[in-house]
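J.: Here it is, the structure in full.
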Amino acid sequence: MAHANKQPKNKLKLKRILLLLVFLTNAAAWAQQIVKVSNNYATENKEIQELIDFQNIYIERLNFVGEALKGKYYEINIREFKNGKPSPKVTLFDGSESDYFKISLESLSLKFFFSMTDGKLKTYIKGSGFGSKKSYFKLNNDSELYALKDFFGSNEFLEINIASETDIPIFAIITPTIHKDGSGSYCEVVQSDIKPENLGTHFKIPHYFLVSIRFK
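Dropping the structure here:
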């Protein structure tokens, strides 16, 4: 009888070991798809920065680092939201159109240019050895009300998982959320835990854009 009781216990122990191995394997695979993202702003020259601010121009460089980047292509998209409802996304740049843009290293650096003037949003992307076409989108409010915000908050870098090949939000072009006392806040919007696609409905922002990147 004592010998017979050992068999189920041994099977249970073996099952637990197998489940642990599966978990560790999946965790290792997940970790290999993690990419670190850091950023740099337009310029350290005070006078140039003042001119950029005056023209309502935003320039930000994103630096991606990780083994998972090697051999990937990337696509940059923008999606417009009106009263919380998303419009079809528009591709600003698609690297899969040519092997020239295939990532050969474990790092990628892209500089993003955004201008909000004369009732239009203008976008441009600069990478190593190339520049994207310029794209234009109509603004529904006063151009001066729109601002570019990233999702870093107070963090020096972000970690993103590129395994799913889904669009990962990197910038929001927004107007501020307005409080009952009439004051407005941009940072409160992008530094919240609200999903980027739900910012409009949660903060009552009638019009904004999300810029995303997708690795494939």
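Heads up: the sequence shown runs through residues -31 to -1, 1 to 185, numbered per mature numbering (1 follows the signal peptide of the UniProt record, and there is no 0).
Built from N, CA and C at the ideal position, the CB exists for glycine as well.
1) Please state the DSSP three-state secondary structure of residue 193.
2) With H, G and I counted as helix, E and B as strand and the rest as coil, what does DSSP make of Lys164?
3) Where does the unbroken alpha helix (DSSP H) through Asp119 begin, and where does it stop?
4) Give the single residue among Cys156, Arg183, Glu66 and Glu75 whose Cα lies nearest to the Cα of Ala116.
5) Could you check how far apart the C-beta atoms of Phe83 and Tyr177 are, in whole angstroms? I think they sit under 8 Å.
6) Between Ser161, Lys95, Leu90 and Gly151, which has its C-alpha nearest Ser123's C-alpha?
7) Count the other CB atoms, across all protein chains shown, that sit within 10 Å of the CB of Ser101; report buried if there are 16 or more and exposed otherwise.
8) If you check the beta carbons only, do Phe184 and Ala37 fall under 9 Å apart?
9) By a C-beta neighbour count over all protein chains shown, 10 Å radius and 16 as the cutoff for buried, is Phe23 buried or exposed?
10) As a quick exercise: from Ser78, Phe106 and Lys80, pick the residue whose alpha carbon is nearest that of Lys89.
11) I need the boundaries of the alpha helix (DSSP H) containing Leu74, first residue and last residue.
12) Going by C-alpha distance, which of Met85, Lys58 and Phe99 is nearest Ser78?
13) Could you check if Lys54 is buried or exposed, using at least 16 other CB atoms within 10 Å of its CB as the buried criterion?
14) Would you identify the three-state DSSP class for Ile131, choosing helix, strand or coil?
15) Nearest CA to the CA of Arg30: which residue from Ser97, Asp111 and Gly169?
16) Could you tell me the alpha carbon to alpha carbon distance between Asp87 and Tyr93, rounded to whole angstroms?
17) Look at the Cβ atom of Pro138, then the Cβ atom of Glu166, and state whether they are nearer than 9 Å.
T.: According to the data block:
1) Lying outside -31 to 185, the shown extent of the chain, residue 193 is not represented and no answer is given.
2) coil
3) Element bounds for Asp119: not the alpha helix (DSSP H) but the beta strand (DSSP E), Ala116 to Asp119.
4) Cys156
5) Going by Cβ atoms, the distance from Phe83 to Tyr177 rounds to 13 Å, so no, they are not a contact pair.
6) Ser161
7) buried
8) yes
9) exposed
10) Phe106
11) It is not in any alpha helix (DSSP H) - Leu74 carries neither H nor E in the DSSP assignment.
12) Phe99
13) exposed
14) coil
15) Ser97
16) 17 Å
17) yes
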